Amino acid sequence: MSKILMVLSAADSLTLADGSTHPTGFWAEEVAASHQALCRAGAQVDLATPGAARPIVDALSLDARGGVSEADAQEFRSYLDFIAGELAAPLSPADVRMRDYDALYIPGGHAPMADLAHDADLGRLLNEAYAEGTTITALCHGVAALLSATAKDGSFAFAGRTLTSFSDEEERQGGLGENTPFFVESRLRERGAQVTTGAPWSSTVVEDGILITRSESSGQRCHRRGHPEGPGRQGRHPSAQARAALSRPAPCPQQGPRPPSPAAASPPEAPFVRKTARSRGRPSPAAGAGTMGDHRPVFSTAIAVNKAVARAAVQMVRWHGD
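Residue numbers for the sequence shown follow this note's numbering, so the first one is 1 and each next one is one higher.
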């Protein structure tokens, strides 16, 4: 059985550049949909937060202000209620070792900028994963969490690596604007990362060895305040089939028998940049899998520790993109 460590922010507010505070939390879709997809594939998903504090969902991710329809919001609420016990009792990164896991996944929302970006325990886990060749994946603002990893010489552990994130232009157009405490893309560049971004509100996937990042979830109104639907993306919501699937919670193995994994489906196209020459440690579980084609989305490449997980991850990305 594959084991996935999903590290969530525990922050419920973000201090902005002008000193004011902005309510925040994890982005509902990025946690609910990915958690279910992995569980349906037979993976064990363990949640962790700084200090084992209960994470808070970002209200915008369940509201029309965040570009989320009421139907979608209800499905996300339903699944989050289903895993409420896990959310109420997360692990602490301080008590976790990456040798016990096959992949590390960090979802977004603005919240990771408030705590995960400078959490020493998460930084240790990222360094362990990097050294051991364990797959690391981060989505949208969750990529800011990589900033917590520092090499022995004090440099950024991922300096020189190619990755993507929620872009500066997206932050200006529909995020926190110039009032953001820092721009994720710019901060990563300042620390030495090679950041690849696509057009605003597009979805870009970058794989560099064991590190897989995605700018935003395809079709998702990710953290957009001023432009809740994003340019050219009006009216895109998960399909009826996807909503129906999400409304039927699938327990993780530790919660009871799991239903059959959903059938594999072709994911929507997303710009895909692959760079694997500088892989470090043991081979990435996703490396050489060859099952997703050259447009494999981040969840598929990053959590493809076995074929069942990869198939379910592809289906989950379809929920975002249909």
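C-beta: ideal position from N, C-alpha, C; glycine also.
In this text the structure is predicted, and so the values were computed from the model without any measurement.
With DSSP collapsed to three states, give me the class of residue i.
i: A48; result: strand
i: P90; result: coil
i: M6; result: strand
i: L410; result: The structure shown does not extend to residue 410, since the chain is modelled only from 1 to 322, so the question has no answer here.
i: S13; result: strand
i: P23; result: strand
i: M1; result: coil
i: Y105; result: strand
i: V184; result: helix
i: L163; result: strand
Give every residue of the same chain whose Cβ lies closer than 6 Å to the Cβ of residue i, excluding the five residues on either side of it in the sequence, and list them in chain order.
i: L80; result: A32
i: T180; result: E171
i: C140; result: G108, F166, E216, C222
Cβ atoms of residue j and residue i: under 7 Å apart, would you say?
i: M113; j: A144; result: yes
i: D58; j: T24; result: yes
i: A129; j: L104; result: yes
i: A149; j: V96; result: no
i: P90; j: L125; result: no
i: I56; j: D12; result: yes
i: I212; j: T134; result: no
i: D208; j: S186; result: no
i: L62; j: A41; result: no
i: V206; j: T196; result: yes
i: S9; j: A111; result: yes
i: P50; j: D119; result: yes
Leaving out the 5 sequence neighbours to the left and right, which residues in its chain are closer than 7 Å to residue i when beta-carbon positions are compared?
i: P260; result: Because P260 carries a pLDDT of 33, less than 50, the predicted location of this residue cannot be relied on, and no value is offered for it.
i: N127; result: A149, A157
Any heavy atom of the ligand MN closer than 6 Å to the CB of residue i?
i: S9; result: What this structure holds is no ligand at all, so the ligand MN is not there to describe.
For my contact list, residue i and residue j are in at a C-beta cut-off of 8 Å; report their separation, rounded to the angstrom.
i: G85; j: G108; result: That pair is no contact at about 23 Å.
i: L116; j: V7; result: 7 Å
i: G154; j: Q194; result: With 8 Å as the limit, G154 and Q194 do not qualify as a contact, their Cβ atoms being about 20 Å apart.
i: L147; j: R191; result: 7 Å
To which residues does DSSP link residue i through a beta bridge?
i: A28; result: None, per the DSSP bridge assignment.
i: R214; result: L139, V205
i: Q194; result: T162
Who are the near neighbours of residue i in its chain, counting only those whose CB is closer than 8 Å to its CB and skipping five residues on each side?
i: E178; result: A17, R172
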